[in-house]
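Contents: one structure, followed by commentary.
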Amino acid sequence: MYSYTFDDILEEAGKFGRSQKRIFALLCMVSMPWAGVYVGIVFQGFTPEHWCRDSGVSQIRKSCGWNLMDTRKITVPVVNTSGVLVYSQCEQYELDWNTTGLTCDNPESDLTDAHRSKAPMTSCKEGWEYDYKGRQSFVTEFDLVCADAWVVDMYQATLNVGFFIGSIAIGYLADRFGRKTSFLVSNLLNGIFGILVAWSPNWVSMLVFRALYGFGVKGGWVAGYVLITELVGVEYRRTVGVVYQMFFSVGILILPLISYFITDWRWLQVVITAPYILFLSYYWFIPESPRWLLSQHNAKKAVEITEAIAKENKKTLSKNIETMRDDNADTSTASFMDLIRTPKMRKHTFILSFNWFTSAVVYQGLIMRLGILGGNVYIDFLISGLVEFPAAFLILFTIDRIGRRLPFATANIVAGAACFITAMIPETMFWFKTAVACIGRLGITMAFEMVVFVNTELYPTFVRNLGVSVCSTLCDIGGIVAPFLLYRLAAIWLELPLIIFGALAFLAGALVLLLPETRGVPLPDTIDDIEFPEKCKEKALRRKEMIMLLPAAVMTNKEPETV
C-alpha cells in the first residue's frame, strides 16, 4: 500500500491556508528585533567627535562662556592623519593653562601656531570630551576610544561568537527536540541576557552578556524559519522565506527611528529585547513541525497537528493521513558527518558556507561603515534601509521565472562590482558615490536573503535545521571578522574595506553557479534525493500520480498551484 508523505497530505489540508498564514504572521515578527540585535551597534556603540578633557581648559571655557567646539578649536592640537590635518582625539597639550596668558577676547592671538608647535604633548589623562550632547552610547559612558577603541570591535565580535556557538547548539536541539522547543528556549535566553546587557556595570560584563545574548538570538530565528518552510507547500516556500526575511528590513527601518528618540543605549537595549519576552507566548499559538515529528517516528502527534491545520483551513482529510510517514524515518538522527560524507552534500556545504561568510562580512561591513562616514547617521541608516525592500521584490519576481541559481549569483556579482566602483569614486561626487553604494547594499541584501532559503532547499528533512545552522556558522565567523576588517583597514585607507568586500562577493557569485537549480523541486527527504536528483524527480512524479487518484470528495479540497 502506498504511504503518503506530509507533502501529499498538504494537498488535502491546504498548502498555505488560514492556519499557515496565522503562524507565518506570528513568526515574521521575530525578524524585526533581530535587526536591532544585529546592527544596533551603529547607534549603541556610536563614536562621536571627541578630544582630551583638561580640567584647566574646562575652567577657562566656563569663565569665558565658550562652547565645546570653540574650545576645541583653541586648545586641542592638530595632527596629520593620512595627509589630512584633523584635531587630535588622543593627545593634548601638556600645559598649565593658567600661565599661558590666554584671554577670553582674543585667544587665538594669545596662543599662536608658533606657541603650539613648541608646546609638549601627552596622551589624554582626564578622560574625553564628546560632541554628543543629550545622548549616551556605551562608547561615551565607558570611554571606549583611542587605546580602548578595540572594545567597540569586540562588542560586535562577541555577539557573533554567541551566534556561532548558539546556532550549532540550537540547530542540533531543533533537530533532536523539535523546532518549537528550540525556538521557545532561544527566546527565553534572549530575554534574560538581553536585559543583562542593558544592566552591565562595565564593558567587561557587557561583552560577556553580549556573547550569551547572541547564543539564542540567531538559533531561534533559524528555527522559526525552518518551522514555517516545513509547514507550507513547495510552491509557497520561496514566498514565506523571502517575506520572513523582509521583516528584518522592516526592523532596519524602525531601528533609526527608535534610536533617534531613545537617547540612552541601555534603554535602547531594553526596547530591542522586550519583543523576545513576548514571543514566549507563542507556546500557545504555533505548532511543532509535522515533518520533524514524522522524522522522529511520532506519527500520532504529526497526524493531530495536521488535522488541526486542516480544521483551521476548513478542509476535510481523507483516511490517507493514517498512512502518513517520513521517507527518512530509518535515519532520523542528524549528524555533522551527514553534511560532508557524500560528494554533493560536501559541495553544497562548502559553497553555502562561503556564501554565508561573504554575506555577513559585506552586509555588516556596509552598514557599520555608515557610522564612520561623518554624515547624519540616522538619515543615512534610514535611506540605506529603504534600499533593502527592492531586494525582496526582485527575488520574488525572478526566482520562479528564472530560478534560484542565476539571481543568487548575479546579486553577489553586482554587490562586488558596486563595492569596487564606490571605492574609486571621489568624495566630490557624493550623490553618485552614494547611489552606487546603495546598489551594492541592494545586491548583498538580495544575496543574503537568498542564501537562507536556498540552504533549506539543498538539505534533506532530518538534517535540514542542522545543515542551515552549521553553514550559517560561517556567517558568524564573518560577523566576527567584519568589524576588525572595517575599522582597522579604514584607518589605513577609508575605501580599502570596499576592495576586500568586492573580491569576496565576486568569488561567492562564481561558486553559486556550481549549485543545482531547485526551482519547483520538492524538499528533499533523504540524502539520496540530493546525490541522485533524478530519483527524487521520479518519486515526486509518483506522488503526483497518487494524488490524482484521491477520491473526488478530497480533490475538491485541492488548492490551485501557482506557476
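For the sequence shown, full-length UniProt numbering puts the final residue at 563, and the numbers step up evenly by one.
Ideal Cβ placement from N, Cα and C applies to all residues, glycine included.
Treat the numbers as computed from the prediction; the structure is a model and nothing was measured.
Through-space distance from residue j to residue i, alpha-carbon basis
i           : j       : result
residue 564 : Asp-131 : This structure does not reach residue 564, given that the chain is present from 1 up to 563, and the question cannot be answered.
Phe-506     : Leu-173 : 35 Å
Ser-200     : Ile-165 : 22 Å
Glu-561     : Phe-16  : For Glu-561, the pLDDT reaches just 41, beneath the cut-off of 50, and the residue's location in the model is therefore unreliable, leaving the point undetermined.
Gly-65      : Tyr-93  : 21 Å
Ala-329     : Ser-281 : With a pLDDT of 49 at Ala-329, under the threshold of 50, the modelled position of this residue cannot be trusted, and the question is left open.
Ala-223     : Thr-71  : 54 Å
Lys-301     : Leu-255 : 40 Å
Leu-370     : Tyr-213 : 24 Å
Ser-55      : Thr-263 : 26 Å
residue 602 : Val-30  : This structure cannot settle anything about residue 602, because the visible part of the chain is limited to 1 through 563.
Ile-530     : Ile-492 : 46 Å
Ala-308     : Ser-19  : 9 Å
Tyr-260     : His-50  : 20 Å
Phe-163     : Ala-360 : 12 Å
Thr-461     : Asp-525 : 5 Å
Ile-305     : Asn-202 : 48 Å
Ile-228     : Asn-80  : 55 Å
Arg-404     : Cys-90  : 50 Å
Arg-237     : Ile-379 : 34 Å
Pro-483     : Pro-497 : 10 Å
Thr-5       : Gly-36  : 39 Å
Asp-338     : Trp-267 : 44 Å
Asp-8       : Gly-171 : 27 Å
Ile-383     : Cys-104 : 43 Å
Leu-68      : Val-39  : 30 Å
Residue burial classification, residue i (beta-carbon count within 10 angstroms, cutoff 16)
i       : result
Lys-311 : exposed
Ala-13  : buried
Phe-393 : exposed
Arg-61  : buried
Met-206 : buried
Met-345 : buried
His-297 : exposed
Pro-290 : buried
Tyr-276 : buried
Phe-354 : buried
Glu-126 : exposed
Ala-508 : buried
Tyr-283 : exposed
Ile-413 : buried
Cys-52  : buried
Gly-251 : buried
Ala-25  : exposed
Bounding residues of the beta strand (DSSP E) (the contiguous stretch that carries residue i)
i           : result
Glu-288     : Counting along the chain, Glu-288 falls outside any beta strand (DSSP E), and DSSP gives it neither H nor E.
Glu-129     : 128 to 130
Thr-122     : 121 to 123
Trp-51      : 50 to 52
residue 622 : Outside the displayed span of the chain (1 to 563) sits residue 622, for which this structure offers no information.
Where the alpha helix (DSSP H) through residue i begins and ends
i           : result
Val-362     : 343 to 369
Leu-255     : 237 to 261
Val-271     : 265 to 278
Leu-394     : 388 to 398
Val-84      : Looking at the DSSP string, Val-84 is not in any alpha helix (DSSP H); the run it does join, the beta strand (DSSP E), is 84 to 87.
residue 567 : Absent from the structure is residue 567, since the part of the chain shown begins at 1 and ends at 563.
Glu-312     : 299 to 312
Asn-412     : 405 to 424
Trp-431     : 430 to 457
Phe-177     : 150 to 177
Trp-66      : No alpha helix (DSSP H) holds Trp-66; DSSP gives it neither H nor E.
Cys-104     : Run containing Cys-104: none; DSSP gives neither H nor E here.
Lys-218     : 203 to 231
Tyr-283     : No alpha helix (DSSP H) contains Tyr-283, which DSSP labels as neither H nor E.
Gly-509     : 496 to 512
Integer-rounded CB distance, given that residue j should sit under 8 Å from residue i
i       : j       : result
Val-454 : Asp-175 : Not confirmed; about 19 Å, so no contact.
Gly-241 : Val-452 : 6 Å
Gln-269 : Gly-194 : 7 Å
Ser-167 : Thr-473 : 6 Å
Asp-152 : Val-139 : The sequence given here has Val at residue 152, not Asp. Confirmed, about 6 Å.
Ser-186 : Gly-219 : 5 Å
Leu-396 : Thr-518 : That pair is no contact at about 16 Å.
Trp-128 : Asp-148 : Incorrect: roughly 11 Å between the Cβ atoms, too far for contact.
Val-387 : Arg-341 : Not quite, the Cβ-Cβ distance comes to about 41 Å (not below 8 Å), so this is no contact.
Ala-415 : Gly-385 : Their Cβ separation, rounded to whole angstroms, is 16 Å, which puts Ala-415 and Gly-385 out of contact at 8 Å.
Ile-23  : Leu-231 : 6 Å
### Query
Do the region 484 to 495 and the region 509 to 523 make contact, defined as three or more Cβ pairs closer than 8 Å?
The count of Cβ pairs closer than 8 Å, one atom from the region 484 to 495 and one from the region 509 to 523, stays below three, leaving the stretches out of contact.
### Message
With a threshold of 8 Å, are at least 3 pairs of Cβ atoms found where one atom belongs to the region 378 to 392 and the other to the region 242 to 261?
### Response
Flag = yes, the region 378 to 392 and the region 242 to 261 touch.
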